[in-house]
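One structure is given below, encoded as structure tokens.
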Amino acid sequence: MLVTEWNAYSSSGKYRNVIKSSIDYDSKENYRLKFEYKLYQVCVCKLEISFKNE
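Each residue of the sequence shown is one higher than the one before, counting from 0 in numbering that gives the first Met the number 0.
See below:
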């Protein structure tokens, strides 16, 4: 799950220039598809940028 990966990077501080904070996300909560898709886009985009800059 992308949120778990995002939060792991956030807590490790490895990508401080890209990931500024963790995401408070409950996998049991129904956030609706539109929100889930936007969250996915942000995670994938930011993680791709951080890996390209390694």
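Backbone N, C-alpha and C define an ideal beta-carbon position, used for all residues, glycine too. This one's a predicted model, so the numbers in the text were calculated from it and none came from an experiment.
For my contact list, residue i and residue j are in at a C-beta cut-off of 8 Å; report their separation, rounded to the angstrom.
{"i": "S10", "j": "S21", "result": "7 Å"}
{"i": "W5", "j": "C44", "result": "Wrong, their Cβ atoms sit about 12 Å apart, outside the cutoff."}
Taking the straight line between their C-alpha atoms, what separation do you get for residue i and residue j?
{"i": "T3", "j": "Y39", "result": "12 Å"}
{"i": "E28", "j": "Y8", "result": "23 Å"}
{"i": "G12", "j": "I18", "result": "8 Å"}
{"i": "N16", "j": "K37", "result": "21 Å"}
{"i": "E35", "j": "Y14", "result": "23 Å"}
{"i": "D23", "j": "L32", "result": "17 Å"}
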